[in-house]
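J.: First, the structure itself, so that you have it in front of you.
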Amino acid sequence: MYIFIGVIIFFLIIFVALWILPLKYQKIEWIETNAQIIESDFSHRTVGHEITYAKGESKRSVKLTVQFTSLQNKSITVTSKVWTYTKNRAFFEEGQWVTILYNKKKPQQFKLKYQI
């Protein structure tokens, strides 16, 4: 009997989590802008397999610190971890410009517009 109640509670928790989480992320309004890279820190580990390594399509994470101007003409500097292809390391050197999408309500949250 207790196992049956435990299974029902488990499925209810999963159902509620799958119902509420998408609602939280649907309300994000992304704003496109160009940002200058202030600092980039590449991880030493790459992710891929033999074929992606041969094609140069393996991925690695980059901790990017970018600076951009928001809609309120405020200069914002934020740091976030993004994934990129290993062969595109030159695109993320300090001083380069990238196109990002940032959250209108929380400008600290951003992502790259193009998967490069």
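Residue numbers for the sequence shown follow my numbering, beginning at 0 and rising by one.
Every residue gets a Cβ at the ideal spot worked out from N, C-alpha and C, and that includes glycine.
Keep in mind the model is a prediction, meaning the values are calculated, not measured.
Taking the Cβ atom as the reference point for each residue, do F109 and V77 lie within a distance shorter than 9 Å?
T.: The sequence position of residue 109 within the sequence shown is 110, counting from 1. The sequence position of residue 77 within the sequence shown is 78, counting from 1. Yes, they are a contact pair.
J.: Should A53 be labelled buried (16 or more other beta-carbon atoms within 10 Å of its own) or exposed?
T.: Your numbering for residue 53 matches position 54 in the sequence shown. Per the 10 Å Cβ criterion, exposed.
J.: Quick one: residues in its chain with C-beta nearer than 6 Å to the C-beta of V46, no 5 flanking neighbours on either side, listed in chain order?
T.: The sequence position of residue 46 within the sequence shown is 47, counting from 1. Within the same chain, V46 has close Cβ partners K58.
J.: For a test of the three-state rule: what should DSSP assign to Y1, helix, strand or coil?
T.: Residue mapping note: residue 1 aligns to position 2 of the sequence shown, counting from 1. DSSP places Y1 in helix when its eight states are reduced to three.
J.: Would you give the residue range spanned by the alpha helix (DSSP H) that A89 belongs to?
T.: Along the sequence shown, one-based indexing puts residue 89 at 90. Per DSSP, A89 belongs to no alpha helix (DSSP H) and is neither H nor E.
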